[in-house]
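Just below is one structure, and these are the notes that go with it.
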Amino acid sequence: MRSRFRPCIDLHDGKVKQIIGGTLSEAAPESLKTNFVSSQSAGEFARLYRSNNLEGGHVIKLGPGNDAAASDALASWPGGLQIGGGINDKNAQEWLDAGASKVIVTSYLFPDARFSLKRLEALSHAVGKERLVVDESCRKRGDAWFVAMNKWQEMTDLEVSRESLDMLSKHCSEFLIHAADVEGLCQGIDEALVNKLGEWVAIPCTYAGGAKSIDDLDLVDRLSGGKVDLTYGSSLDIFGGSLVVFDELVAHNNL
Numbered sequence: 001m002r003s004r005f006r007p008c009i010d011l012h013d014g015k016v017k018q019i020i021g022g023t024l025s026e027a028a029p030e031s032l033k034t035n036f037v038s039s040q041s042a043g044e045f046a047r048l049y050r051s052n053n054l055e056g057g058h059v060i061k062l063g064p065g066n067d068a069a070a071s072d073a074l075a076s077w078p079g080g081l082q083i084g085g086g087i088n089d090k091n092a093q094e095w096l097d098a099g100a101s102k103v104i105v106t107s108y109l110f111p112d113a114r115f116s117l118k119r120l121e122a123l124s125h126a127v128g129k130e131r132l133v134v135d136e137s138c139r140k141r142g143d144a145w146f147v148a149m150n151k152w153q154e155m156t157d158l159e160v161s162r163e164s165l166d167m168l169s170k171h172c173s174e175f176l177i178h179a180a181d182v183e184g185l186c187q188g189i190d191e192a193l194v195n196k197l198g199e200w201v202a203i204p205c206t207y208a209g210g211a212k213s214i215d216d217l218d219l220v221d222r223l224s225g226g227k228v229d230l231t232y233g234s235s236l237d238i239f240g241g242s243l244v245v246f247d248e249l250v251a252h253n254n255l
């Protein structure tokens, strides 16, 4: 088992962007800090990932106005990308039918910011455990991490722990975990969180947040015992960054 690079397509207002995660707020849109806005379409990024056989990447819709771009990405690589952002019991199957390999769910599982096992069980039953990813993207509170919903602005009652991950894994096939406090900052990963995920997860897991060097892929591999994959965002050259070269990550995956 070895940690691998997993690609992403983050969508905001219909465009591929890289955003500092902690600044994304409907209540205060003027606080949004954007690192990169691409002139290329979501479909072009999907075709790039397809040509390099980078399976298991995620398309995340950050708010409204992103359905057309997300559909473009999925149509450009049917079965090659997961999709998240506003996924619920009413639209999950539609996105699978549109070409998503799996759907990623967060906020739907937390009515009034409280975790609902009933909703998770219903969604898992509707689409199938193997086609469901639970997003436990989180923010740190004291010495613990708690799931954050609604663009990572609203804290929930669910702590990221061995117990919660064990419980959730009975109903999904994979986890996606953004460390929202370091997302988009290019100042390093949350090493403590990655270490804990390596101890706790029993199903595939992708971590995102803060990666700034190709060496971070080996660091995640070491900290997690190869059980956690890594996503790069703002540091990556295809997203306007200067710290990490996309082709080098592809080569690393192919070793």
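Residue numbers (UniProt numbering): 1 to 255. All C-beta atoms in this analysis are idealised placements derived from N, C-alpha and C, irrespective of residue type, glycine included. Keep in mind it's a predicted model, so treat the numbers as computed, not measured.
_So if DSSP puts residue 174 in a beta bridge, which residue, or which two residues, is it bridged to?_
Residue 174 is bridged to 133.
*Thinking just about the alpha-carbon of each residue, which of 155, 219, 91 is nearest to the one in residue 192?*
219
*Is residue 222 helix, strand or coil by DSSP?*
helix
*3 or more residues per run - each beta strand (DSSP E) lying fully within the segment 48-132*: DSSP assignment within the segment 48-132 yields the following whole beta strand (DSSP E) runs of 3 residues or more, N-terminal first: 57-61, 81-84, 102-105.
*Who are the near neighbours of residue 4 in its chain, counting only those whose CB is closer than 7 Å to its CB and skipping five residues on each side?*
Exclusion of the five residues before and after residue 4 leaves 229, 253 as the residues of its chain whose Cβ lies within less than 7 Å of its Cβ.
*Ordered along the chain, which non-local residues of its own chain (more than five positions away) have a Cβ less than 6 Å from that of residue 76?*
43, 46, 47
*asked:* For residue 250 and residue 80, I'd like the C-alpha separation in whole angstroms.
replied: 16 Å
*Is the beta carbon of residue 70 sitting closer than 7 Å to the one on residue 59?*
Contact: yes.
*Report, in whole angstroms, the separation of the C-beta atoms of residue 6 and residue 231, which I expect to be a contact under 8 Å.*
At roughly 5 Å, the Cβ-Cβ gap stays under 8 Å, so residue 6 and residue 231 are in contact.
*Consult DSSP for residue 35 and reduce its assignment to one of helix, strand or coil.*
Three-state result, residue 35: strand.
*Enumerate in chain order the residues of its own chain whose CB-to-CB distance from residue 37 is below 6 Å, with the five nearest sequence positions on each side excluded.*
15, 17
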